[in-house]
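J.: Residue 731 in this note's numbering sits at position 284 of the sequence shown; the count goes up by one each step and never skips.
Quick one: this structure, given as structure tokens, is what I'll be asking you about.
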Amino acid sequence: MEFFRLFSERNSQDQQIDVYNYEELPQRLRIQIVHILQGMFNRVSYSEQIWAILAHRIKVEFGRLELDGYSNEKSIEEFLIHEGDIETIDAIDLIFYEIDGFIESVSPPSNEEDRQLRNKMNEGIKELNYRFKQHHIGYEFIDGQLIKIDNQLVHQEIIKPAIQLLFDEGFETASNEFLQAHEHYRKGEYEEAITDAERAFESTMKIICHKKGYEYSETAPASRLINTLVTNNFLPSYLQNHFSNLWNTLSCGLPTVRNRNGSHGQGVQEIETPDYLVNFAINLAASNIVFLVNNYKNSLSS
448 MEFFRLFSER NSQDQQIDVY NYEELPQRLR IQIVHILQGM FNRVSYSEQI
498 WAILAHRIKV EFGRLELDGY SNEKSIEEFL IHEGDIETID AIDLIFYEID
548 GFIESVSPPS NEEDRQLRNK MNEGIKELNY RFKQHHIGYE FIDGQLIKID
598 NQLVHQEIIK PAIQLLFDEG FETASNEFLQ AHEHYRKGEY EEAITDAERA
648 FESTMKIICH KKGYEYSETA PASRLINTLV TNNFLPSYLQ NHFSNLWNTL
698 SCGLPTVRNR NGSHGQGVQE IETPDYLVNF AINLAASNIV FLVNNYKNSL
748 SS
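This is the structure we're talking about:
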């Protein structure tokens with residue numbers, strides 16, 4: 448499905464600028480998201496049940512006894528349009544997490560109505576991501592949660608492939624840790640984000656070692672896991688120089704970032720982890736994960 452771009456958007460001089468806003472949701476976007484939800488559940492016989500589930504989840508997660516509005520649908524609309532930016536971002540994450548669960552529950556669909564609902568929900572998620580880009584909002588909904596993006600090129604070429612590879616290839620532990628790193632990053636929990644990014648990186652290597660039958664310790668640090676992959680010729684000899692440089696990057700890059708900023712005590716002086724360093728750690732983890740999983744896949748066919 449192609450989404451229409453207004454004339455002013457098609458001819459905007461700054462339409463290629465890759466800068467994102469994370470904290471302020473424009474009213475126009477809020478209303479568009481309401482329209483997305485209405486379009487999903489329009490003409491669905493059990494739509495009120497869906498609205499009731501979503502409203503209940505919002506009340507529970509936000510600690511509310513009641514929501515404004517004379518119906519569950521109107522209550523959610525009022526929440527999305529009038530609540531503060533942070534609360535609305537969290538609500539969008541929660542609502543579309545539930546919608547993603549609905550999609551799974553009707554796959555495969557048992558009847559025509561379920562098939563149409565599943566298709567409309569999938570299209571709604573695509574439109575949500577399009578509207579984020581349209582308004583330069585730095586989030587994308589992927590595999591059940593909002594992911595914070597900083598640079599569209601890096602996001603498309605590194606972050607999304609890492610998520611997809613981990614999701615498709617049976618690396619569930621690493622996938623959960625990598626998504627959790629993004630969740631911490633989105634909430635500004637930077638030390639936790641670095642720690643989970645490094646865990647995802649280590650888990651990817653452990654899973655590969657397990658799948659390939661290499662001897663390793665569950666408590667082995669990243670440097671030892673890298674050495675296990677090298678000594679077992681997981682890195683092909685004809686690319687030795689390249690992989691030696693990669694080994695230096697893996698050994699001295701992300702593990703060092705985590706050891707200095709994420710996993711050890713801070714002592715007397717409090718250390719503030721800057722946003723750009725967290726972004727670097729997650730991107731570095733993602734690029735390494737993409738390489739490792741792709742190399743594993745290639746080793747199966749060779």
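The beta-carbon is built from N, C-alpha and C at its ideal position, and this holds for glycine as well.
What distance in whole Å lies between the Cβ atoms of Leu-593 and Ile-523, which are believed to be in contact at a cut-off of 8 Å?
T.: The count along the sequence shown starts at 1 and reaches residue 523 at position 76. The count along the sequence shown starts at 1 and reaches residue 593 at position 146. Going by Cβ atoms, the distance from Ile-523 to Leu-593 rounds to 17 Å, so no, they are not a contact pair.
J.: For Glu-639, which residues of its own chain have a beta-carbon under 6 Å away from its beta-carbon, when the five flanking residues on both sides are left out?
T.: On the sequence shown, residue 639 is found 192 positions in, with the first residue counted as 1. Answer for Glu-639: His-631, listed in chain order.
J.: Starting from Leu-672, trace the alpha helix (DSSP H) both ways and give me its first and last residue.
T.: Within the sequence shown, residue 672 is the residue found at index 225, counting from 1. Looking at the DSSP string, the run of the alpha helix (DSSP H) that includes Leu-672 is 669-678.
J.: Do you know whose CA, among Gly-510, Met-487, Arg-565, lies nearest Ser-554's CA?
T.: As a working mapping, residue 554 is identified with position 107 in the sequence shown. For the residues Gly-510, Met-487, Arg-565, the minimum Cα distance to Ser-554 belongs to Arg-565.
J.: Curious, which full-length beta strand (DSSP E) runs of at least 3 residues does the region 530-604 contain?
T.: 586-589, 592-595
J.: By the three-class DSSP mapping on this structure, what secondary structure does Asn-623 have?
T.: Position 176 of the sequence shown holds residue 623. Correct three-state label for Asn-623: helix.
J.: Along the chain, where does the alpha helix (DSSP H) that runs through Phe-416 open and close?
T.: Outside the shown range of the chain (448 to 749) lies residue 416, about which nothing can therefore be said.
J.: For Gly-486, tell me which candidate among Glu-520, Asn-468, Arg-475, Ile-505 has the shortest Cα-Cα distance.
T.: Looking up residue 486 in the sequence shown gives position 39. Gly-486 has its Cα closest to that of Glu-520, out of Glu-520, Asn-468, Arg-475, Ile-505.
J.: Please name the residue in Val-677, Phe-614, Tyr-637, Ala-499 whose C-alpha comes closest to that of Ala-728.
T.: Mapped onto the sequence shown, residue 728 falls at position 281. Of the candidates Val-677, Phe-614, Tyr-637, Ala-499, the one whose C-alpha sits nearest the C-alpha of Ala-728 is Tyr-637.
J.: Are the CB atoms of Ala-732 and Glu-645 within a distance shorter than 8 Å?
T.: On the sequence shown, residue 645 is found 198 positions in, with the first residue counted as 1. On the sequence shown, residue 732 is found 285 positions in, with the first residue counted as 1. Yes, Cβ-Cβ distance for Glu-645 and Ala-732 is below 8 Å.
J.: Identify, in the order they occur along the chain, each residue of the same chain with its Cβ nearer than 6 Å to the Cβ of Gln-462, setting aside the five sequence neighbours on each side.
T.: Counting from 1 along the sequence shown, the entry for residue 462 is found at position 15. Per-residue confidence for Gln-462 stands at a pLDDT of 44, beneath the threshold of 50, marking its modelled position as unreliable; the derived number appears in the next sentence. Taken in chain order, the list of residues that qualify is empty.
J.: Should Tyr-586 go down as buried or exposed, given a rule of 16 or more other Cβ atoms within 10 Å for buried?
T.: Within the sequence shown, numbered from 1, the residue matching residue 586 stands at position 139. Buried: at least 16 other Cβ atoms inside 10 Å.
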